[in-house]
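Visitor:
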Amino acid sequence: MKKFILKKEEDTRGVSYSIDYEKELNDPQFEAVSHKEGPALVIAGAGTGKTRTLIYRVARLIEQGVAPGNILLLTFTRRAAREMLERAGRVLDQRCSKVNGGTFHYYCSRLLHRYAERMGFPENFTILDSSDAIEVIQLLRTELNAAESGKRFPRKNTIYNMLSSAANKQLGLHEIVDSQYPQFREHIDKIEQIAQAYSAYKKKSHVMDFDDLLVQTRDMLRQHKDICQQVSAENRYVMIDEYQDTNALQAELAGLFTWGHNNIMAVGDDAQSIYAFRGADHKNIMEFPNLFRNTRIIKLEENYRSTQRILDLANRLLEQAKDKYDKRLFTNREEGDLPALIKAPDERDQSRFISQMILTMREQGKELREMAVLFRNGRDSFELELELNRKKIPFIKYGGVKFAEAAHIKDVLAHLKVLVNPADAISWNRVLTLLEGIGPKTAADLVAWLTSAQNPYAMDGMQRVSGKYKKQLDSLSMLLTDLKHKDFTTSEIVEHVVNYYRSFCEKRFDDHPKRVKDLETFVGLAQNFTDLDQILNDLSLDPIEQSAVDFESTVEDEAPLVLSTIHSAKGLEWSQVFLIQCLDGILPSGYSIDDADSLDEELRLMYVACTRAADNLYISYPVLQNNTYGEYFSNPSRFIADIGEKELEPWVLVEERDDQQALPPNDAPALPE
DNA sequence: GGGTTGCAAACAGAG
DNA sequence: TTTGCAACCC
-12 MKKFILKKEE DTRGVSYSID YEKELNDPQF EAVSHKEGPA LVIAGAGTGK
38 TRTLIYRVAR LIEQGVAPGN ILLLTFTRRA AREMLERAGR VLDQRCSKVN
88 GGTFHYYCSR LLHRYAERMG FPENFTILDS SDAIEVIQLL RTELNAAESG
138 KRFPRKNTIY NMLSSAANKQ LGLHEIVDSQ YPQFREHIDK IEQIAQAYSA
188 YKKKSHVMDF DDLLVQTRDM LRQHKDICQQ VSAENRYVMI DEYQDTNALQ
238 AELAGLFTWG HNNIMAVGDD AQSIYAFRGA DHKNIMEFPN LFRNTRIIKL
288 EENYRSTQRI LDLANRLLEQ AKDKYDKRLF TNREEGDLPA LIKAPDERDQ
338 SRFISQMILT MREQGKELRE MAVLFRNGRD SFELELELNR KKIPFIKYGG
388 VKFAEAAHIK DVLAHLKVLV NPADAISWNR VLTLLEGIGP KTAADLVAWL
438 TSAQNPYAMD GMQRVSGKYK KQLDSLSMLL TDLKHKDFTT SEIVEHVVNY
488 YRSFCEKRFD DHPKRVKDLE TFVGLAQNFT DLDQILNDLS LDPIEQSAVD
538 FESTVEDEAP LVLSTIHSAK GLEWSQVFLI QCLDGILPSG YSIDDADSLD
588 EELRLMYVAC TRAADNLYIS YPVLQNNTYG EYFSNPSRFI ADIGEKELEP
638 WVLVEERDDQ QALPPNDAPA LPE
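Numbered by this note's numbering, the letters in the first sequence go through residues -12 to 660 in order.
#1: Where does Ile567 sit, in a helix, a strand or coil, going by DSSP?
#2: Should Asp367 and Asn111 be called a contact, given that it needs their Cβ atoms to be closer than 8 Å?
#3: Can you find at least 3 beta carbon pairs, one from the stretch 553 to 560 and one from the stretch 585 to 598, that sit closer than 8 Å?
#4: From the DSSP output, in three-state form, read off Tyr578 for me.
#5: Tell me, please, which residues DSSP counts as bridged to Ala331.
#6: Which of the three DSSP states, helix, strand or coil, is assigned to Val388?
#7: Across the stretch 266 to 277 and the stretch 237 to 257, are there enough close Cβ pairs to call them in contact, namely three or more that are closer than 8 Å?
#8: Assign Ser3 to one of two classes, buried (16 or more other C-beta atoms within 10 Å of its C-beta) or exposed (fewer than that).
#9: Among the candidates His395, Ser338, Arg209, whose CA atom is the shortest distance from the CA of Leu378?
#10: Quickly, what does DSSP pair Leu28 with across the bridge? List them, please.
#11: From Phe91 to Gln343, what distance separates their C-alpha atoms?
#12: Are the CB atoms of Leu566 and Pro575 within a distance shorter than 8 Å?
#13: May I ask you to verify whether the stretch 425 to 434 touches the stretch 138 to 151, counting CB pairs closer than 8 Å and requiring at least 3?
#14: If you reduce the DSSP assignment to three classes, tell me which class Met273 lands in.
#15: With 16 other CB atoms within 10 Å as the buried threshold, where does Ala241 fall?
#16: May I ask you to report which of helix, strand or coil DSSP gives Glu642?
#17: Taking all protein chains shown into account, decide if Ile284 is buried (16 or more other Cβ within 10 angstroms of its Cβ) or exposed.
#18: Using the C-alpha atoms, what's the distance from Ile251 back to Thr64?
#19: Taking only three categories from DSSP, how would you classify Asp602?
#20: At the level of alpha carbons, what is the spacing between Gly89 and Asn249?
#21: Between Arg82 and Pro55, how many whole angstroms is the CB-CB distance? I'm expecting something under 8 Å.
#22: Hey, how far is the Cα of Val202 from the Cα of Asn364?
#23: Anyone know if the C-beta pair for Ile227 and Ile181 falls short of 8 Å?
#24: Please report the distance separating the alpha-carbon of Thr468 from that of Ala401.
#25: Please state whether DSSP places Leu658 in a helix, a strand or coil.
#26: Give me, in chain order, the residues of the same chain whose beta-carbon lies closer than 8 Å to that of Ala46; leave out the 5 immediate sequence neighbours on both sides.
#27: Counting only runs that start and end within the stretch 124 to 201, where is the alpha helix (DSSP H) found for 4 or more residues in a row?
#28: In whole angstroms, what is the alpha-carbon distance linking Asp310 and Met273?
#29: Tell me which same chain residues have a C-beta within less than 7 Å of the C-beta of Arg502, skipping the five on either side of it?
#30: How is Pro55 classed by DSSP in three states: helix, strand or coil?
#31: How would you call Leu671, buried or exposed, if buried means at least 16 neighbouring beta carbons within 10 angstroms?
#32: Alpha carbon to alpha carbon, how far is Val225 from Ser260? Give it in angstroms, no decimals.
#33: Under the rule that 16 or more other beta-carbon atoms within 10 Å means buried, what is Thr35, buried or exposed?
#34: If we ignore side chains and look at the alpha-carbon of each, how far apart do Ile630 and Asn87 end up?
#35: With a CB to CB cut of under 6 Å and the five nearest residues on each side skipped, what residues in its chain are close to Ile573?
#36: In chain order, what residues of the same chain have a beta carbon less than 8 Å from the beta carbon of Ala391, not counting five sequence neighbours either side?
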């Protein structure tokens, strides 16, 4: 039988730790881990044990008697939070999994739901994901007849980006247009009008977009001191990972979450800031000490991940930045192999080379999970994906299209959304336009009626409007009424919707067999949830990668190869890293080449990619690019143009009789056999 | 008027 | 692969 002992929580003198922190960490890591009260900023270069530091701090706080529920760990993705807490569980015990963790958006959403009633918004508000938001903007754009005059008016995606920029940078719309979209200055009035209509829409439809989650939470905590106090008392210790990618709004939230005690630890690396498009500014991290007085600054500088030669290349890259960083990564690891620069005749050859290298390494006993292929844009891996399929190499892709963004999944989600929130006009619109003969106009009329109806699911009294669609509307109405009023479990509801939707799916898509399979996966996935709100919330805030779904259905014993956009690879590492399509116009992106700041950001992106590699780094590019118009010659990335053979060793692909092999130019180490 | 269909053009990055 | 626009059908 366990006995209780009385102990003051703050008194850590008598704590006997089950982990020997001092031995398992280096000095600055230990300093960070044993930091207790007040603000701290940990500047942690790539591979310096940043995650390890966070994990051990969580463990140590818990060992000191802090309740896990009083620790908040904010990370960039929920995947990162899960992995971190799992690792913390391994060094300590399952108490770690009770720590609050997730993204700013996720945590804010929880707070807003919790205090919805106090704030006077409906607690069944749903989240307007970016594709829904863009659709709403499109509707308003046509409604306001904004694009009339033949002059180029911003497209819906662009308008969405403007609004999002304004929210995240805390600037007025006109300032954003002025500085970032000068070509649309003349349309500012129309854009403002759309912005207003968009906010009105969100209010009326009981939805919040991603930015609202942050803005509304900020406003709530600013205006209601009692809520703010309650929240900050609960979060006795807050840790923020990847702080270099937070924006001013998130920084303010961080302050509010720790209001009154400032027990906040931010961890990050200004050289790895790659989210400027979301309002992050790489200089923000240096502002932290100004925001929080008496900040203790701790620097982690020793790299444990990569060989010295990989770091040499990384350091060399950073030297090219317009804004300098006082940073040079070093390691006590061995020299290692020189990073390779592979010039392939065309993209197809690049893919063949990569997949062949991967197979060779696998034959030598390396596991696929130790390798990764990185690229700038989601589409840069399409060619390679075909080749991997041909060679039957299992892979999982991060970044690019998400499960919840695929058209067929969105169709099903729309049905679920109208069940949770009947005011959600855009989802009604989606549900209705599926029906034969109903287009935007008819749908708009029906939606106007439905969103103000007493009992929208019954759709009675609507026949007058509906005439020739009556039969289809009846079966829709029957489905929704049943689902609303009968007692179904969440996965049963999803199953019914999927059954109803199946025939539409078959009519709509040529590749319906694959999509129907996805839908079945979705039904299975729904079993993990107890209520619909939660599925919708989780799918928009923590989107599953599309290929993760494919992968589950072809379960093999082998962990798959990772393909990832550089953005999605942040914080991760692999023994063997391939960086493909390293071309001028791709990395750096063609969007960035006129602007020195964006160019610096692209350079940091390249830096992030290279520092993911522990043992070997292969950078490749095709000489001949193909697109729909034909073939053209392309140039390697300007970032590697000036780097000499002593830091980046050029390889050429030589065609052999049966298969190809890469050969170093002279007598440098040959490819693994 | 409103819906459907077909062709030309553009396509980031993520919560 | 999706989106914008214009011609074409009910």
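Note that CB positions come from ideal geometry on N, CA and C, so glycine has one too.
A quick note: this is a predicted structure, and the numbers were derived from the prediction, not measured.
Guide: According to the structure data:
#1: Three-state result, Ile567: coil.
#2: Asp367 is not a Cβ neighbour of Asn111, given a cutoff of 8 Å.
#3: Per the Cβ contact rule, the stretch 553 to 560 is in contact with the stretch 585 to 598 (3 or more Cβ pairs under 8 Å).
#4: Here Tyr578 sits in coil by DSSP.
#5: Pro609.
#6: In this structure, Val388 counts as coil in the three-state DSSP scheme.
#7: Yes, since at least three Cβ pairs between the stretch 266 to 277 and the stretch 237 to 257 fall closer than 8 Å, the two stretches touch.
#8: By the Cβ-count criterion, Ser3 is exposed, with fewer than 16 other Cβ atoms from all chains shown falling within 10 Å of its own Cβ.
#9: Correcting the residue type first, residue 378 is Lys in the shown sequence and not Leu. Of the residues His395, Ser338, Arg209, the one whose Cα lies closest to the Cα of Lys378 is Ser338.
#10: Looking at the DSSP output, Leu28 bridges to Ala253, Ile284.
#11: Approximately 41 Å between the Cα atoms of the pair.
#12: Not closer than 8 Å, so no.
#13: With the cut-off at 8 Å, the stretch 425 to 434 and the stretch 138 to 151 do not touch.
#14: When secondary structure is reduced to three states using DSSP, Met273 falls in the helix class.
#15: Residue environment analysis places Ala241 among the buried positions, since at least 16 neighbouring C-beta atoms fall within 10 angstroms of its C-beta.
#16: Judged by DSSP in its simplified three-state form, Glu642 adopts strand.
#17: Under this definition Ile284 is an exposed residue.
#18: Going from the Cα of Thr64 to the Cα of Ile251 covers about 19 Å.
#19: Assignment of Asp602 by DSSP, reduced to helix, strand and coil, places it in the strand class.
#20: Taking the straight line joining both Cα atoms gives about 20 Å.
#21: By a beta-carbon distance limit of 8 Å, Arg82 contacts Pro55. Their separation comes to about 5 Å.
#22: Answer to the nearest angstrom: the Cα atoms are 29 Å apart.
#23: Not closer than 8 Å, so no.
#24: Rounded to the nearest whole angstrom, the C-alpha separation of Thr468 and Ala401 is 15 Å.
#25: Interpretation of Leu658 is limited by its pLDDT of 44, a score under 50 that renders its predicted location unreliable; no figure is taken from the coordinates.
#26: Ile6, Ala75, Val78, Leu79, Cys83, listed in sequence order.
#27: Complete alpha helix (DSSP H) runs here, min 4: 143 to 156, 160 to 167, 175 to 191.
#28: Distance between the alpha carbons of Asp310 and Met273 is about 14 Å.
#29: Excluding residues within five positions, the ones whose Cβ falls inside 7 Å are His395, Cys492, Phe496.
#30: Look at Pro55 here: in three-state DSSP terms it is helix.
#31: For the chain, the structure presents residues -12 to 660; residue 671 sits outside this window and is missing.
#32: For Ser260 and Val225, the distance between alpha carbons rounds to 21 Å.
#33: With 16 or more neighbouring CB atoms inside 10 Å of its own CB, Thr35 falls in the buried class.
#34: About 45 Å.
#35: Excluding positions up to five away in sequence, the list reads Arg363.
#36: So the list reads Asp116, Lys397, Leu400, Leu526, Ser527, Pro530, Ile531, once near-sequence residues are dropped.
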